[in-house]
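Quick note: the sequence shown uses the numbering used here, first residue 1366, plus one each step.
Quick reminder that beta carbons are idealized off the backbone N, C-alpha and C, glycines included.
Working notes, structure below.
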Amino acid sequence: MTSYVAASFLHLAADPNYVPDPKPLLDFDLKTARTRDYVYVNKTLRYPYYQTMAHQPLEIENWMEISADYEWYLSEKKRVIEEQGKVVLDSLPENDPACQELLETVADWLPKRYPTMFDRLLETTEPGEQRDGIYNRTTKERYQWEVGNAPDGREALTILSRLVECDFLMGREREDGHIYFVGGLVAFPGFYLLSEKIGKSMYETHVPVPQFNEKLLVSVERTLRRLLPSAPFERSSWEIVDDKQLFWHNIASLPEGGRISCDPGDLLLRIDRQAFRKLPKSRGIIFAVHPIVRPLHTLARSPLIPALLSKIHTDSSRDLIKYKVADAYWEALEPWLEARTQEQIAEGLIEAADIEGKGVGEFRRFVKEGMERV
């Protein structure tokens, strides 16, 4: 029997469509919930900084994280969807099967990972109809459908908006071998619109992004075409913003040459954590994007972080930094970062030698056990 079980497990592990169930967080408390600290994990901040995918395998437990701000995220997402409509939530007909499968996958995953927050609604009605669905204990909202006939398209995406903090951008490979964006729920883009991407190829949507099409497009599309459902991965990107408006930051609306007016310490480090999965049935490619913001003043005493941010801005390719609208804040932020770095040296948190050369990129060595979540 043991050999049979072991053989069965190895068979599943070798199945390109097999994804294990997440380990349940049995003692999860929404009031104190924190995400992983993306300043330190996922290669978000790195030096030297250059255009790269910088991705790594995704542990299925980390597919969708929930924080103490969960209700705020859902409320803000609802407001944005009501105001913006198809600008932020839309789907092409070819994406219907993927929307349906994504909803079914999320409805299965959430109660397994967060059993204190969600209930799976599997039941057989009086006439013998089999029903599936999910109940959100926090919002008291219930969603059910006939087994095998889950909502699809925009209806499925609307339900998803009431369940998780992250957005979902959805793509698929078409007959020409290229990846196209075919739908999604993107309420928190920050500086772009789903309506500008839907129906377009990865090449078309990345024309404004410095170096992407020239250096990364071929390898990224190849990675996504070869992506197996059993091998999800994640990456993160960052930018400096001046408010918590996740849909559209003020800094993204500044005119050419515009400058921010807030205190540099009140600027926010926005990190967009992106989890990539391919759905086994529809073959839809799912980009789950979770925006997280940290006020810079909360990082003032994090060893080497001010120096790291400074060197990334001054030493990286000018077109990459300009794309991040750094001209709007750098004049004010540079002296603030320098002052925080000198304070860290004076307090003995770091040594002057730590900021020389590539040493600043070794900031993770200061991370203590237990600091992995914020």
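Where residue i falls, given that 16 or more other Cβ within 10 Å makes a residue buried
i	result
F1374	For F1374, the predicted structure reports a pLDDT of 44, less than 50, and the residue's modelled location is therefore unreliable. The matter cannot be settled from this model.
T1570	buried
R1745	Only positions 1366 to 1739 of the chain appear in this structure, which leaves residue 1745 out of reach.
N1382	exposed
T1409	buried
Q1421	exposed
G1622	exposed
Y1415	exposed
W1437	exposed
A1711	exposed
R1635	buried
G1555	buried
S1647	buried
S1319	Missing from the structure shown is residue 1319; the chain here goes from 1366 to 1739 and no further.
P1656	buried
D1532	buried
H1689	According to the sequence provided, residue 1689 is Lys. The question's His does not apply to it. Classification for K1689: buried.
P1620	exposed
E1494	exposed
Q1709	buried
D1684	exposed
P1492	exposed
P1597	buried
E1447	exposed
E1530	buried
Cβ shell of residue i (< 7 Å), same chain only, five flanking positions each side left out
i	result
Y1500	F1483, D1484, L1486 and R1507
F1728	P1668, L1669, I1670 and L1673
D1577	The question names Asp, but residue 1577 in the sequence shown is Phe. So the qualifying residues of the chain are Q1416 and H1571.
V1370	Residue confidence is low: V1370 scores 43 on pLDDT, short of 50, so the model does not pin down where it sits. Its coordinate-derived value is still stated next. Correct list: empty, nothing qualifies.
K1565	Y1545 and F1546
V1445	V1453, A1552 and F1612
Rounded Cβ spacing between residue i and residue j (contact assumed at less than 8 Å)
i	j	result
V1471	L1525	6 Å
L1611	E1459	No, L1611 and E1459 are not in contact; Cβ-Cβ is about 28 Å, not under 8 Å.
P1573	R1478	With a Cβ gap of about 36 Å, P1573 and R1478 do not count as contacting.
I1605	Y1694	6 Å
M1567	E1579	No, M1567 and E1579 are not in contact; Cβ-Cβ is about 13 Å, not under 8 Å.
A1463	G1649	3 Å
T1503	Y1435	7 Å
S1584	Q1639	Rounded, the Cβ-Cβ distance is 16 Å, inconsistent with contact.
L1528	L1475	6 Å
S1432	A1398	5 Å
G1724	R1411	Contact flag wrong, Cβ pair sits at about 13 Å.
Q1465	A1521	6 Å
L1702	S1682	With a Cβ gap of about 19 Å, L1702 and S1682 do not count as contacting.
R1624	E1696	7 Å
V1747	L1534	Residue 1747 falls outside the range modelled here, since the chain spans only 1366 to 1739, and no answer is possible.
I1651	L1467	6 Å
Bounding residues of the beta strand (DSSP E) (the contiguous stretch that carries residue i)
i	result
W1603	F1598 to V1606
L1685	Taken as a continuous stretch (DSSP letters only), L1685 belongs to no beta strand (DSSP E), being part of the alpha helix (DSSP H) at R1683 to Y1688.
A1697	Not the beta strand (DSSP E): A1697 falls in the alpha helix (DSSP H), residues W1695 to E1712.
A1653	I1650 to P1660
Q1495	Q1495 to N1501
V1547	I1544 to L1550
Q1509	E1506 to E1511
S1595	First-last for S1595: undefined, no H or E at that position.
L1454	L1454 to S1456
E1538	D1532 to E1538
D1380	Run containing D1380: none; DSSP gives neither H nor E here.
Element boundaries [alpha helix (DSSP H), containing residue i]
i	result
K1443	Y1435 to Q1449
P1645	Element bounds for P1645: n/a, residue is neither H nor E.
I1524	G1518 to L1525
W1428	Neither: W1428 is in no alpha helix (DSSP H) and is coded neither H nor E.
R1478	D1461 to R1478
S1667	Unbroken run through S1667: none, as it is neither H nor E.
L1559	L1559 to K1562
Same chain only: Cβ atoms within 6 Å of residue i, ignoring 5 sequence neighbours per side
i	result
D1461	D1517 and G1518
E1430	T1400
L1457	V1547 and G1548
A1665	R1705
M1366	Annotation note: pLDDT 44 at M1366 (below 50); position unreliable, coordinate value reported separately. None.
H1543	S1566
F1731	P1668
I1715	P1668, L1669 and Q1709
N1615	D1607 and D1608
Cutoff 8 Å; reference residue i; Cβ partners in own chain excluding five residues on either side
i	result
E1424	none
P1594	P1381, N1382, Y1383, V1384, R1642, K1643, L1644 and P1645
K1505	none
A1691	I1605 and H1678
D1680	Y1412, P1413 and Y1414
Closer than 8 Å: residue i CB and nearest the ligand SAM heavy atom
i	result
P1492	This structure simply doesn't include the ligand SAM, nor any ligand for that matter.
The region 1660 to 1680 in contact with the region 1628 to 1639 per 3-pair CB rule at 8 Å: The count of Cβ pairs closer than 8 Å, one atom from the region 1660 to 1680 and one from the region 1628 to 1639, reaches three, so the stretches are in contact.
Any chance the region 1559 to 1570 sits against the region 1452 to 1463, with 3 or more Cβ pairs inside 8 Å? When Cβ pairs closer than 8 Å are counted between the two stretches, the region 1559 to 1570 is seen to touch the region 1452 to 1463, the count reaching three or more.
Evaluate the contact criterion for the region 1536 to 1545 versus the region 1502 to 1521: three or more CB pairs, one atom per stretch, below 8 Å. With a cut-off of 8 Å on Cβ pairs, the region 1536 to 1545 is not in contact with the region 1502 to 1521, counting fewer than three such pairs.
Is the region 1393 to 1402 touching the region 1707 to 1725, taking contact as three or more C-beta pairs under 8 Å? Output reads no: the region 1707 to 1725 does not touch the region 1393 to 1402.
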